[in-house]
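Scroll down for the structure; my scribbles are underneath it.
Numbering (this note's numbering), first residue to last: 8 to 277.
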């Protein structure tokens, strides 16, 4: 999942500190020693750990790798347990996103399941999410409706312009908007070319370029994007992609089986 840079850096820093404590404990715990004792010893004489590493470089690397793997496994378990509890609550009390009349969608409003994605055209995980969603739509056909919403992140300078183009094209045709959506994700590396690529993409899908340029400067385009961003954050999405499946959240570029589990439950499939 793509995250804002400040949140990502903060997460990496906290993770590094915890892993360092685990590694330190592994070296010093020949008896019963608390983490606070390890911390105190290192603060008084930080050369201790460097000398240990110099004398036992291979052991240090092995221990570091094992500690990190253990840490990752514990965090995955915590995350899965937390998401599982939240998901059960959301099946009982689903989130209620705004779906404005006329909002560009793939599939019918009468579909049994509506999937809303909060996404960033420049995010590599969102590109994977795009491929996953194609499979999900093929699996369920008319039972599922898909709506693409926007959460362009600060670290992706081309995401906001691409979102604006999508919404401007959507004012002409939902079908053309999703053709544009597909083309951009399939050629994501070319986003760095900026407006020239976006213009080319819009022409390829048959957009009225004169109208598009006019609509890009209008209020409707930015209104949708701003509302999407505020809505995503209100639901707790800070990175991309994030999904709501009939109001049940799924944060991250999960593979199709994760969607299937939630969709089938909504459909009453056992």
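A virtual CB, placed ideally from N, CA and C, is assigned to each residue, including glycine.
Asked, Found
"Under 9 Å between C-beta atoms of residue 205 and residue 191", "yes"
"Residue of 134, 100, 141 minimising C-alpha distance to residue 196", "134"
"Paired residues, beta bridge with residue 153 - DSSP", "113, 122"
"Bridge-paired residues (DSSP) for residue 247", "9"
"Cβ neighbour criterion (16 or more within 10 Å) applied to residue 57", "exposed"
"Three CB pairs or more closer than 8 Å across the region 237-255 and the region 115-135", "yes"
"is_contact[residue 228, chain E] using C-beta, thresh 9 Å", "Reference to chain E is not applicable here, since this structure consists of a single protein chain."
"First and last residue of the uninterrupted beta strand (DSSP E) at residue 258", "255-258"
"For residue 229 and residue 258, the rounded distance between their alpha carbons", "24 Å"
"Under the three-state DSSP convention, the category residue 232 falls into", "helix"
"DSSP-derived helix/strand/coil call for residue 269", "helix"
"Segment contact flag, the region 165-177 with the region 231-241, C-beta cutoff 8 Å, min 3 pairs", "yes"
"Contiguous alpha helix (DSSP H) assignments of at least 4 residues, all confined to the region 138-216", "166-177, 181-193, 202-211"
"Helix, strand or coil at residue 106 according to DSSP, with G and I counted as helix", "coil"
"Same chain, Cβ closer than 7 Å to residue 104, neighbours up to 5 away in sequence not counted", "123, 238, 251"
"Cutoff 6 Å; reference residue 166; Cβ partners in own chain excluding five residues on either side", "127, 128, 129, 159"
"DSSP-derived helix/strand/coil call for residue 55", "helix"
"Beta-carbon proximity list for residue 137, same chain, < 6 Å, skipping 5 on both sides", "192"
"Through-space distance from residue 9 to residue 147, alpha-carbon basis", "27 Å"
"Beta-carbon proximity of residue 7 to residue 221, cut-off 9 Å", "This structure does not reach residue 7, given that the chain is present from 8 up to 277, and the question cannot be answered."
"Own chain, CB closer than 8 Å to residue 144, minus 5 neighbours either side, in chain order", "113, 114, 151, 153"
"Same chain, Cβ closer than 7 Å to residue 199, five either side skipped, listed in chain order", "165"
"Rounded C-alpha distance that separates residue 240 from residue 219", "28 Å"
"Within 9 Å, strictly: CB atoms of residue 142 and residue 263", "yes"
"Residues sharing a beta bridge with residue 252, DSSP", "122, 255"
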